[in-house]
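Beneath this line is the structure, given in structure tokens, with notes to follow.
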Amino acid sequence: MISASFGAVPGLLPAFLLLTALAVPPVWYVARLRGRPVAARVLFTAGVAGVVSVTLLPGSGSSGQGAVCDTGSPFAVLTTWSTGVLLNVALFAPAPFFAVLAFRRPLTVAASAALASGLVELLQAESDTGRACSLTDVGANTVGALLGAAAGALWLWRGKGVRRSAPRAGPDAVWGLGIAVVGFLALAGIFRGSVSGYDAGAADHERRAVLRASAGADDWITAAAVDIFGADVRIRQTQTVRSGDRLHLEIFTDRGELTGWWPDRTLERGVAHDSGADAGSMTEEQARAVSERFTRRWFPREAGGGGGTSRTRGDSADRIHRFTYRSTDGTATRTRLEVTVGGAGRIVGFRYLS
13 MISASFGAVP GLLPAFLLLT ALAVPPVWYV ARLRGRPVAA RVLFTAGVAG
63 VVSVTLLPGS GSSGQGAVCD TGSPFAVLTT WSTGVLLNVA LFAPAPFFAV
113 LAFRRPLTVA ASAALASGLV ELLQAESDTG RACSLTDVGA NTVGALLGAA
163 AGALWLWRGK GVRRSAPRAG PDAVWGLGIA VVGFLALAGI FRGSVSGYDA
213 GAADHERRAV LRASAGADDW ITAAAVDIFG ADVRIRQTQT VRSGDRLHLE
263 IFTDRGELTG WWPDRTLERG VAHDSGADAG SMTEEQARAV SERFTRRWFP
313 REAGGGGGTS RTRGDSADRI HRFTYRSTDG TATRTRLEVT VGGAGRIVGF
363 RYLS
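The number in my numbering is simply the position in the sequence shown, starting from 1, with 12 added.
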């Protein structure tokens with residue numbers, strides 16, 4: 013969240029200075045008027061202004077997806093200490109630290125700051141101002157808030173004189189527990205009812221799995237297109253769709269299209285563009301030799317079944333030959349392969365027949 017904010021939020025520093033300038037004078041005046049510690053309250057106010065500036069100012073664009081949030085585990089922060097996580101922790105630590113010094117309620121401050129971290133992410137999701145909502149950020153923000161509150165408590169109770177003026181822990185614990193429980197239930201209910209969740213970590217894992225599985229797939233389907241359509245074929249587009257543990261591949265060229273499966277390395281269907289351009293007078297035996305070379309190269313299971321039945325259509329000037337081969341292992345659900353050879357000796361199509 014924060015590492016992206018510095019580049020994505022225009023005017024971040026001026027906004028922080030403006031918020032601080034507007035909020036600090038009233039806080040300073042009230043603290044002086046009531047005889048409260050001034051410095052701690054002023055610094056707490058500046059810390060809150062920093063959090064608001066970094067987390068709630070509109071970003072450079074809207075996601076256009078409505079109220080969405082990455083619902084990956086917030087505890088990932090405990091194992092992934094990236095730069096972004098550390099920045100989130102650092103952002104949320106100062107305000108609770110100075111709040112404990114100002115109000116002398118460490119448990120109440122810790123619970124309130126943790127609740128505020130969740131509220132920030134909820135506002136980011138609901139406002140759709142180009143800011144990303146993430147439960148991982150909630151975890152990082154909460155860690156920062158707890159560290160800040162703990163540091164404030166240690167500072168508060170470091171001397172005997174301060175200890176004597178510190179309040180009893182009972183009311184602080186009751187307030188802290190109440191805020192934590194009620195706040196968690198309220199935020200969880202709102203998130204559940206109005207925010208659509210997705211797991212960015214799982215999606216990233218899926219993308220990585222597809223990339224690992226597709227290593228070599230493009231090279232294989234491209235080699236098939238070159239072998240079938242010619243060395244000077246031009247590749248226009250390839251498409252990959254995951255289906256379970258396999259990838260369905262489709263390649264579009266200036267001469268035709270192919271589909272196949274990876275990592276099976278099996279072609280499924282192919283069709284040549286402008287098959288009429290293959291006009292010629294190739295005999296059936298010549299066409300059979302072309303078909304059998306192709307079948308042995310790309311469909312060895314079917315090629316083992318024998319020469320295949322043939323059909324010839326058209327006159328000597330516009331002749332095509334179709335050869336049908338059967339699978340030899342008896343287990344394939346698609347048992348017949350049809351290969352079409354043009355009159356000029358080019359493979360103009362192939363497909364499995366049900």
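For every residue, glycine included, the Cβ atom is placed at its ideal position computed from N, Cα and C. Just so it is clear, the structure is predicted and the values come from calculations on it, not from any experiment.
Please determine, among the options, the residue with the shortest C-alpha to C-alpha distance to residue i.
| i | options | result |
| --- | --- | --- |
| Phe28 | Gly361, Leu45, Val66, Glu314 | Val66 |
| Ile233 | Gly59, Pro275, Thr154 | Pro275 |
| Pro312 | Leu158, Thr295, Arg277, Ala284 | Arg277 |
| Arg246 | Gly201, Thr252, Ile263 | Ile263 |
| Leu159 | Ala192, Leu98, Asp82 | Leu98 |
| Ala299 | Ala315, Pro38, Arg334, Ser208 | Arg334 |
| Val186 | Ala114, Trp310, Pro118, Phe306 | Pro118 |
| Gly164 | Val283, Ala52, Pro38, Gly357 | Ala52 |
| Val64 | Ala356, Tyr41, Leu103, Pro38 | Leu103 |
| Ser339 | Ala315, Gly357, Pro70 | Ala315 |
| Gly449 | Ala126, Gly182, Arg143, Leu166 | Residue 449 cannot be examined here, being either before or after the span of the chain that is shown, 13 to 366. |
Could you tell me if residue i is buried or exposed, where buried requires 16 or more neighbouring beta carbons within 10 angstroms of its beta carbon?
| i | result |
| --- | --- |
| Gly242 | exposed |
| Trp352 | Looking at the sequence shown, residue 352 is not Trp but Thr. Label assigned to Thr352: buried. |
| Gly354 | buried |
| Asp266 | exposed |
| Glu297 | exposed |
| Thr83 | buried |
| Thr307 | buried |
| Pro106 | buried |
| Asp244 | exposed |
| Ala128 | buried |
Specify the secondary structure class of residue i as computed by DSSP and reduced to three states.
| i | result |
| --- | --- |
| Arg143 | coil |
| Arg267 | coil |
| Arg305 | helix |
| Val207 | coil |
| Ser8 | The requested residue 8 is not part of the displayed model; the chain covers only 13 to 366. |
| Asp231 | helix |
| Arg44 | helix |
| Ser129 | helix |
| Val66 | helix |
From residue i to residue j, what distance separates their C-alpha atoms?
| i | j | result |
| --- | --- | --- |
| Ser255 | Glu280 | 15 Å |
| Ser293 | Leu270 | 26 Å |
| His285 | Gly151 | 56 Å |
| Arg176 | Ala123 | In this prediction, Arg176 has a pLDDT of 48, which is less than 50 and means its spatial position is unreliable; what the coordinates show is noted afterwards. In a straight line, the C-alpha of Arg176 is about 24 Å away from that of Ala123. |
| Ile359 | Asp239 | 10 Å |
| Ala43 | Ala111 | 13 Å |
| Gly272 | Asp149 | 42 Å |
| Gly96 | Phe203 | 23 Å |
| Ala198 | Glu133 | 14 Å |
| Ser208 | Cys81 | 6 Å |
| Arg248 | Ala237 | 11 Å |
| Tyr337 | Gly205 | 58 Å |
| Leu45 | Ser94 | 44 Å |
| Arg12 | Tyr210 | Residue 12 is absent from the structure shown; the chain starts at 13 and stops at 366. |
| Cys145 | Gly361 | 50 Å |
What does a CB cutoff of less than 7 Å around residue i pick up in its chain, not counting 5 residues either side in sequence?
| i | result |
| --- | --- |
| Ala35 | Thr57, Ala61 |
Closer than 8 Å by C-beta to residue i: which residues in its own chain qualify, once you throw out the five before and the five after it? Chain order, please.
| i | result |
| --- | --- |
| Tyr364 | Glu280, Arg281, Arg346, Arg348, Leu349, Glu350 |
| Thr250 | Asp230, Ile233, Thr234, Leu261, Glu262, Ile263, Phe264 |
By Cβ distance, which residues of its chain are closer than 6 Å to residue i, with the 5 residues on each side in sequence left out?
| i | result |
| --- | --- |
| Ala192 | Ala123 |
| Arg258 | Trp273 |
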